[in-house]
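Using the working numbering, the first residue of the sequence shown is number 3, and each one after it goes up by one.
Some notes on the structure that comes next.
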Amino acid sequence: MQNLTHGSYSIEQENNILLVDAQGPFNEITAKKYHQDIENYTKKMSGSAWGSLVLYRGNGVFTPDVEQSLTDTTHYRVENGMVAIAAVINDTAYADILQMQLQRIYQSCQIQFNFFSDSNNAKIWLDSFINEYDQ
Numbered sequence: 003m004q005n006l007t008h009g010s011y012s013i014e015q016e017n018n019i020l021l022v023d024a025q026g027p028f029n030e031i032t033a034k035k036y037h038q039d040i041e042n043y044t045k046k047m048s049g050s051a052w053g054s055l056v057l058y059r060g061n062g063v064f065t066p067d068v069e070q071s072l073t074d075t076t077h078y079r080v081e082n083g084m085v086a087i088a089a090v091i092n093d094t095a096y097a098d099i100l101q102m103q104l105q106r107i108y109q110s111c112q113i114q115f116n117f118f119s120d121s122n123n124a125k126i127w128l129d130s131f132i133n134e135y136d137q
């Protein structure tokens, strides 16, 4: 049996914000690759306050193993300077469940977070939070 990835993502850095576009439900293979990629970006950004803007698109919720992997990834980011997360949830019939899972992850990592329905407001909030944090 082949191990196939489920879900996809893209990551890019825009100044002190890490932009993540995550689509569909992740399986363990995708979650592990995501953690490795996040580590590489996080190393570049550590040393000053930064935040993540994450766009979640597509139907799906996290399995317990994937949720734990994402918790570990979030802990790693917090330990390396991430001060806030703005999460945008779109195009899913399971938004309430996904939001509860993300809230559980973010609270366990003691990171400031907020949920949005659009990226523009999420970025405004995140920029403002990071600027206040730096002062």
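Ideal Cβ positions, reconstructed from N, Cα and C, are used throughout, including at glycine.
Note that the coordinates shown come from a computational prediction; the quantities given were computed from them, not determined experimentally.
Around the beta carbon of GLY49, fewer than 16 other beta carbons sit within 10 angstroms, so the residue counts as exposed. In the three-state DSSP reduction, GLN25 falls in the strand class (E or B). Between GLY60 and THR94, the C-beta gap is smaller than 9 Å, which places the two residues in contact.
Taking all protein chains in view, the Cβ of ARG106 is surrounded by fewer than 16 other Cβ atoms within 10 Å, so the residue is classified as exposed.
Uninterrupted alpha helix (DSSP H) stretches at least 4 residues long and entirely within the stretch 64 to 133 occur at 66 to 81 and 97 to 110, given in chain order. Comparing alpha carbon positions, the residue from CYS111, ILE91, ILE87 and SER121 closest to ILE132 is ILE87. Within its own chain, the residues whose Cβ lies closer than 8 Å to the Cβ of HIS8, once the five positions on either side in sequence are excluded, are GLY26, PRO27, PHE28, ASN29, ILE31 and THR32, listed in chain order.
Within the stretch 37 to 63, the complete beta strand (DSSP E) segments of 3 residues or longer fall at 52 to 59, listed in chain order. For the options VAL63, VAL80 and ASP67, the alpha carbon positioned closest to that of GLU41 is the one of VAL80. For ALA89, the closest of GLY83, SER54, THR76 and PHE64 by C-alpha to C-alpha distance is SER54.
In this structure, GLN101 and ILE91 form a Cβ contact; the two beta carbons are roughly 6 Å apart against a cut-off of 8 Å.
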